[in-house]
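Q: Below: one structure in structure tokens.
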Amino acid sequence: NAGVTQTPKFQVLKTGQSMTLQCAQDMNHEYMSWYRQDPGMGLRLIHYSVGAGITDQGEVPNGYNVSRSTTEDFPLRLLSAAPSQTSVYFCASSYGQGGYTNEKLFFGSGTQLSVL
Amino acid sequence: KQEVTQIPAALSVPEGENLVLNCSFTDSAIYNLQWFRQDPGKGLTSLLLIQSSQREQTSGRLNASLDKSSGRSTLYIAASQPGDSATYLCAVNTNAGKSTFGDGTTLTVKP
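In structure tokens:
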């Protein structure tokens, strides 16, 4: 049982490049989400999903796309990387549909992204 | 818009001391509140979850309380140890499935 697995751990991009951050969980969690963590701004929700085929925007969705074709995977796509997207990205999951259940959030170990 | 504040931003205590971390939120219409621990360069680990109908939760040396009407939660750590050194974050969850996090309190426990 690996929990929530994020890849890669580190990534450096040039402005304008695109890439996909991978997130997979093996706990059969319905709810998955992406956060970015920046100094002085806490963790901010980018996108979330309450089940396969269902996604919704969080607080800071611009510049990011998500899809949820399977229960296990929830990739985050950066369409055209910008220096403002330099951050640490965390994927999280839980049983049930997020706020509709009282289940703990499980986090991955994060991806450190630098955009030059 | 929900806002979550954690005070103090940093705290340094000697080993063995009992301590309290504070979390306040502006909108009392929450579903639950979670306390997390984050070690440097790592992800977050959930410590305690308090449902909106509950007043407190306990796990080992940790006790979290919730006063929804006043928009406050506290995390009490008894008999602190150097291994407790980390950043502690609280997050409030609305029934829309969205969690709002505070900036955290960085705790240092000196041997």
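These protein sequence lines map, in sequence, to chains U and P.
Here the first sequence is numbered in this note's numbering, starting from 297 and rising by one per residue.
Here the second sequence is numbered in this note's numbering, starting from 26 and rising by one per residue.
The beta carbon of each residue, even a glycine, is placed where N, CA and C say it ideally should be.
These numbers come from a predicted model, not from an experiment.
1. For V252(U), count neighbouring C-beta atoms within 10 Å of its own C-beta (all shown protein chains included) and say buried if the count is 16 or more, exposed if not.
2. Would you list, in sequence order, the uninterrupted beta strand (DSSP E) runs of no fewer than 3 residues that lie entirely inside the segment 54-118 of chain P?
3. Can you list the residues of chain P that G349(U) reaches, using a CB-CB cut of under 9 angstroms?
4. For the candidate residues P304(U), V411(U), L372(U) and V300(U), whose alpha-carbon lies nearest to that of L341(U)?
5. Are the beta-carbon atoms belonging to T99(P) and V29(P) less than 7 angstroms from one another?
6. Give me, in chain order, the residues of the same chain whose beta-carbon lies closer than 7 angstroms to that of G359(U); leave out the 5 immediate sequence neighbours on both sides.
7. Say whether chain P places a C-beta atom closer than 7 angstroms to the C-beta of K400(U).
8. For D52(P), report the span of its beta strand (DSSP E) as first-last.
9. Compare the Cα-Cα distances from D352(U) to each of T131(P), K123(P) and L132(P) and report the closest residue.
10. Which residues of chain U have a Cβ atom closer than 7 angstroms to the Cβ of G127(P), listed in chain order?
11. Determine the chain U residues that contact N47(P) at a beta-carbon separation under 7 angstroms, and present them in chain order.
12. Check the Cβ-Cβ distances between K123(P) and every residue of chain U, and say whether any is below 7 angstroms.
13. Who are the near neighbours of S110(P) in its chain, counting only those whose CB is closer than 8 angstroms to its CB and skipping five residues on each side?
14. By DSSP, does P39(P) sit in helix, in strand, or in coil?
15. DSSP puts Q313(U) in a beta bridge; with which residues?
16. How would you write the range of the beta strand (DSSP E) that D352(U) sits in, first residue to last?
17. Using a C-beta to C-beta distance shorter than 7 angstroms, which residues of chain P count as neighbours of G359(U)?
18. Report the residue from P136(P), T130(P) and N118(P) whose alpha carbon sits nearest the alpha carbon of F50(P).
19. Give the straight-line distance between the Cα atoms of P357(U) and S329(U), rounded to the nearest whole angstrom.
20. Measuring only between beta-carbons, confirm whether G406(U) sits less than 7 angstroms from chain P.
21. CA-CA distance, G395(U) and H343(U)?
A: Quick answer:
1. There is no way to answer for residue 252(U), as the model of chain U reaches only from 297 to 412.
2. For the segment 54-118 of chain P, whole beta strand (DSSP E) runs of length 3 or above, ordered along the chain, are 57-63, 69-76, 81-84, 87-92, 97-102 and 111-118.
3. Translated into positions along the first sequence, residue 349(U) becomes position 53. Close partners of G349(U) in chain P (Cβ separation under 9 angstroms) are lacking, with about 16 angstroms as the shortest Cβ gap.
4. What you label residue 341(U) is simply residue 45 of the first sequence in a count that begins at 1. Minimum Cα-Cα distance from L341(U) among the listed residues P304(U), V411(U), L372(U) and V300(U) corresponds to L372(U).
5. One-based indexing of the second sequence puts residue 99(P) at position 74. One-based indexing of the second sequence puts residue 29(P) at position 4. No, the Cβ-Cβ distance between T99(P) and V29(P) is not below 7 angstroms.
6. The sequence position of residue 359(U) within the first sequence is 63, counting from 1. Counting only residues of its own chain and dropping the five nearest sequence neighbours on each side, G359(U) has a CB closer than 7 angstroms to the CB of L374, L375, A378 and Q381.
7. Reading the first sequence from its first residue, position 104 is the one you call residue 400(U). Yes, K400(U) lies at the interface with chain P (some Cβ there is under 7 angstroms from its Cβ).
8. Translated into positions along the second sequence, residue 52(P) becomes position 27. No beta strand (DSSP E) contains D52(P), which DSSP labels as neither H nor E.
9. Counting from one through the first sequence, the residue named residue 352(U) turns up at place 56. Proximity to D352(U) across T131(P), K123(P) and L132(P) peaks at K123(P), based on C-alpha coordinates.
10. In the second sequence, residue 127(P) corresponds to position 102, counting from 1. Per Cβ cutoff of 7 angstroms: G338.
11. For the purposes of this step, residue 47(P) is taken as residue 22 along the second sequence, with counting starting at 1. The premise fails here: N47(P) is roughly 15 angstroms from chain U at the closest Cβ pair, so nothing lies under 7 angstroms.
12. Position 98 of the second sequence, counted from the first residue, corresponds to residue 123(P). Chain U, which has a Cβ nearer than 7 angstroms to the Cβ of K123(P), makes this yes.
13. The sequence position of residue 110(P) within the second sequence is 85, counting from 1. Closer than 8 angstroms at Cβ, skipping near neighbours: L132, T133 and V134.
14. Here residue 39(P) is taken as the residue at index 14 of the second sequence, counted from 1. Looking at P39(P) - three-state DSSP - the assignment turns out to be strand.
15. Position 17 of the first sequence, counted from the start, is the residue given in the question as residue 313(U). According to DSSP, which records beta bridges pairwise, Q313(U) is partnered with nothing at all.
16. Here residue 352(U) corresponds to residue number 56 of the first sequence, with the count starting at 1. Element bounds for D352(U): I350 to Q353.
17. Looking up residue 359(U) in the first sequence gives position 63. What G359(U) touches in chain P: nothing, since even the nearest Cβ is about 19 angstroms away.
18. As a first step, residue 50(P) is located in the second sequence; it is residue number 25 there, counting from the start. Considering only alpha carbons, the answer is N118(P).
19. Position 61 of the first sequence holds residue 357(U). Position 33 of the first sequence holds residue 329(U). Put simply, the backbone Cα of P357(U) is about 12 angstroms away from that of S329(U).
20. Sequence index remark: in the first sequence, residue 406(U) carries index 110 (1-based). It does: the Cβ of G406(U) has a partner Cβ on chain P nearer than 7 angstroms.
21. The residue labelled residue 395(U) in the question sits at position 99 within the first sequence. The residue labelled residue 343(U) in the question sits at position 47 within the first sequence. Confidence at G395(U) is low in this model, with a pLDDT of 49, below 50, so its placement is unreliable and the value that follows should be read with caution. Approximately 14 angstroms, taken between the alpha carbons.
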